[in-house]
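Engineer:
In the UniProt record's numbering, the protein residues as written are 1 to 131.
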């Protein structure tokens, strides 16, 4: 799927591949078409909890452990995705912990800087409702 990025047209599959190669995130699904916008890309990624986990996390209560993993996943994702183009505005949200796979699911929504922050949040909320 292609989407408009300023004066360019980006291939979401190529962008997802670059993110996978440059980070520890694994693509689950390209949600770009689900945004129903021509100027926004969206992806569902998985991140292994083992990649970001610290030793003391296993000693925590379950809810505290999940909260800590979500926070660490958001921090890692924000740091790792600095490789996106400078003109990119993006939002990341870790929203699900899979105990069986020991993975955290993360949604990434991105657009050009011209798109407002509020619209990006609206798209992120819509993606969360669809999943």
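Just so it is clear, CB atoms sit at the ideal spot from N, CA and C, and this is done for glycine as well.
#1: Do you know whose CA, among 6, 7, 29 and 9, lies nearest residue 17's CA?
#2: Kindly confirm or deny that the segment 43-63 and the segment 101-114 touch, where touching means at least three C-beta pairs closer than 8 Å.
#3: Cα-Cα, which of 98, 94, 89 and 127 is closest to residue 113?
#4: Residues in the same chain with beta-carbon distance under 6 Å from residue 33, minus the five sequence neighbours each way, listed in chain order, please.
#5: Taking 8 Å as the limit between beta carbons, can you name the residues of its chain near residue 53, skipping five residues before and five after?
#6: Rounded C-beta distance between residue 31 and residue 127? I'm assuming under 8 Å.
#7: Going by C-alpha distance, which of 24, 3, 12 and 11 is nearest residue 78?
#8: Is the beta carbon of residue 100 sitting closer than 8 Å to the one on residue 124?
#9: Below 8 Å on the Cβ atoms is my contact criterion, and I expect residue 95 with residue 39 to pass it. Report the Cβ-Cβ distance as a whole number of Å.
Structural biologist: Checking against the coordinates, here is how it stands:
#1: 29
#2: yes
#3: 89
#4: 1
#5: 69 and 72
#6: 6 Å
#7: 24
#8: no
#9: Actually they are not in contact, since the Cβ atoms of residue 95 and residue 39 sit about 23 Å apart, beyond 8 Å.
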